[in-house]
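Note sheet for the following structure.
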Amino acid sequence: MNKQSRVLLLLLLLLSSFILHPSSFCFASPPLPSFRYYGLLADEYGWPVLRGDNTVVILKNGTNECARYTANELLGNGINYILEAAIDNATGARYAPYALRQGETVTVSVVVNGIEQTLMGGSSLPVVGNPGAAVRVDLNLGTDVDGDGLSDQWETALIINNSGGLYTNIYQVLPGDDFDGDQVSNQGEFGAGTAPEWADDVFEANQWMMNADGLLTLCFWTKQGLTYEIFAAPQALSGQGFTWTHVPFRTSPSSTERMNSTAAQSSRTFFYVTPTNTYKMYRLEIHR
C-alpha cells in the first residue's frame, strides 16, 4: 500500500468513526469579538496610577485569569487600563481556558509590585456583556469603610489630620462638605486629585499670553495621568450662567494637530488655542 492509499484509508476510518459515534467528537467554538472593561485606576489619594508604578489590573473568572493589563496613563481619554474579555459563543467546549461567556460573573484584582491591593467598593465587576460592547469601571485603591466614595486613607491623612481636632473619625468627613472653603466639595477634590486642605490647590491658570504665532497660550496646574479638556464661553451671561463650549487645542505651538483632550505628563500643562472674537473666557475640565 502506497503512502497516498494509507492517507485515504485513515481519513475513511476517521469519517466512519464520527458517523457511528458523533458524541465522541467535541469541537471548540470559534471566538467572538471581545467584551471590554476599561476605566481609570487611581490610588488612595485620587491620583491616577502611572505606567511606572508597576501596577497590573487582572480580570478573573473564579480563580482563572482571563486578561491582564499594566496601567498606563498614556491611553488618554481619561483611562489608564483596558481589559479585553475573550468571548466564547457558548456551544460546545470553550476554545480557550480564558474564554468567557455572556452573563458570566467576573472580578478584578490589582497587583502592585507583586502584592495584591484592596479596592474601594470591592472586586466585583458587571457581568460579561455582548460581544463587541464595553463598560467603563473606574477603580480606586484603598478602603471605604463608611461607603461615602472617599478613600479612608485620604480622609484621615488630608482632612482629619489637618482639622485641628474638629474631626476625629471618617464618618464626620462628608463628600458634599468643603473643608478648605475653595468652593469645591470634598468629593470634587478627591476626583480631581487636588488637596482638600489647601484652598489654593484649584484648577487655576498659571499663566496666559498671546504667542508670536497668534495662539492663545494657557498654562494650567495639572495632575500627571489625568486627561484634560478646554472649554470656552462668551463674556455675556446666558440665563443664570455662562454657555461653555468645548474647543480644540494644540499641545505644542509648532504642532498642526488639534486635539480634543490630552493626558497631562507633569504638574503644568500648556494648551495652545486659536483665539476667536466669540470666546472671552476659558476653563479647564477633567475628561471622564
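Taking my numbering, the leading residue of the sequence shown gets 86, the next gets one more, and so forth. Yeah, the Cβ is synthetic: ideal placement off N, Cα and C, and Gly gets one too. What you are looking at is a predicted structure, and each value in this text was computed from that prediction instead of being measured.
Collapsed DSSP secondary structure at residue i in the structure displayed
i: residue 276; result: helix
i: residue 256; result: helix
i: residue 198; result: coil
i: residue 380; result: With the chain running from 86 to 373 in the structure shown, residue 380 is simply not present.
i: residue 100; result: Because residue 100 carries a pLDDT of 47, less than 50, the predicted location of this residue cannot be relied on, and the following value inherits that uncertainty. Helix at residue 100.
i: residue 282; result: coil
i: residue 218; result: coil
i: residue 164; result: coil
i: residue 138; result: helix
i: residue 246; result: helix
i: residue 159; result: helix
i: residue 109; result: For residue 109, the predicted structure reports a pLDDT of 44, less than 50, and the residue's modelled location is therefore unreliable. The matter cannot be settled from this model.
Chain-order list of residues whose beta-carbon lies under 6 Å from that of residue i (same chain, five-residue window excluded)
i: residue 249; result: none
i: residue 372; result: 163, 312, 314 and 346
i: residue 288; result: 369
Member of the options whose CA lies at the smallest distance from the CA of residue i
i: residue 240; options: 134, 370, 278 and 224; result: 278
i: residue 304; options: 316, 317, 290 and 297; result: 290
i: residue 136; options: 221, 144, 154 and 367; result: 154
Opposing strand residues paired with residue i [DSSP bridges]
i: residue 326; result: 323
i: residue 292; result: 304
i: residue 120; result: 170
i: residue 150; result: 145
i: residue 368; result: 316
Own chain partners of residue i with C-beta closer than 8 Å, once the 5 adjacent residues on each side are dropped
i: residue 189; result: 146, 212 and 213
i: residue 351; result: 307 and 309
i: residue 259; result: 233 and 271
Can you give, in chain order, each stretch of the beta strand (DSSP E) that sits fully within the region 301 to 366 and has at least 3 residues? As far as the region 301 to 366 is concerned, its whole beta strand (DSSP E) runs of at least 3 residues are 301 to 306, 312 to 318, 330 to 332 and 353 to 358.
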